[in-house]
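Following this line, the structure appears as structure tokens:
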């Protein structure tokens with residue numbers, strides 16, 4: 002059981018640590034301190050839910066309906082492209098330094114919606130959580146313990162992003178730092194959208 006748990010922890014950890022749209026968005030929210038723990042919580046719940054569904058056979062159903070992934074692919078391209086444009090606009094215009102106690106500029110509803118969109122409109126999320134990770138889990142002695150390990154990795158990682166980004170906010174609150182952050186996030190979003198467009202899934 003311990004081996005299955007550690008396998009899930011390591012495999013999932015290795016996959017989600019790779020910087021992607023979800024990580025980039027959560028990190029930017031944490032640095033802005035805009036409902037970042039809500040955003041992190043949604044990312045955790047989505048991952049745990051998808052891991053569990055994948056281990057219980059949803060991956061087989063998904064493979065039988067490739068057109069569903071194709072639809073998600075183009076929705077993801079459009080949404081990630083929109084996020085990239087927003088980031089580039091902010092990088093070009095710049096924005097005032099953020100104070101630690103500053104009132105958040107966006108509502109909780111807006112943050113929740115965007116977090117769900119970044120998570121659920123990215124086909125790579127489904128490939129990782131419903132196909133790749135369950136494929137490894139199916140080879141383990143205890144599938145339930147494997148899912149627990151994978152879920153632990155997700156919770157630890159998103160918690161670390163939320164806490165770390167918030168802790169670094171005073172350092173990264175300078176206008177030039179924000180230009181760089183927005184520019185990097187814009188490049189990452191655009192690169193993922195371009196990869197989905199050119200290479201598909």
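Numbering (my numbering), first residue to last: 2 to 202.
For each residue, glycine too, the CB sits at the ideal point set by N, CA and C.
By alpha-carbon distance to residue 57, the top candidate from 163, 12, 135, 26 is 135. In the structure shown, residue 36 adopts coil according to DSSP, grouped into three states. The residues 22, 25, 81, 82, 84, 85, 88, in chain order, have a CB closer than 8 Å to that of residue 190 in the same chain once the five nearest residues on each side in sequence are set aside.
Runs of alpha helix (DSSP H) with 4 or more residues, each lying fully within the stretch 137-165, are absent. With contacts defined by Cβ atoms closer than 8 Å, residue 166 and residue 37 form a contacting pair. Distance between residue 9 and residue 162, taken at the CA atoms: about 20 Å. Spatial neighbours of residue 129 in its own chain (CB-CB distance under 7 Å, excluding positions within 5 residues in sequence) are listed in chain order as 16. Bounds of any alpha helix (DSSP H) do not take in residue 57, whose DSSP letter is neither H nor E. In the three-state reduction of the DSSP assignment, residue 81 falls in the helix class. When the five nearest sequence neighbours on each side are left out, the beta carbons in the same chain lying within less than 6 Å of the beta carbon of residue 137 are those of 12, in order along the chain. Residue 92 sits buried, since 16 or more C-beta atoms from the chains shown fall within 10 Å of its C-beta. Secondary structure note for residue 180: its alpha helix (DSSP H) is the uninterrupted segment 176-200. Sixteen is the threshold: when 16 or more other Cβ atoms of the shown chains lie within 10 Å of the Cβ of residue 147, as they do, the residue is buried. The beta carbon of residue 78 sits closer than 6 Å to the beta carbons of 194, 197, 198 from its chain, once the five residues preceding and following it are set aside; these are given in chain order.
Assignment of residue 43 by DSSP, reduced to helix, strand and coil, places it in the helix class. Following the DSSP letters along the chain, one finds residue 116 inside the alpha helix (DSSP H) bounded by residues 109-121. By the C-beta density criterion, residue 90 is exposed, having fewer than 16 other C-beta atoms within 10 angstroms.
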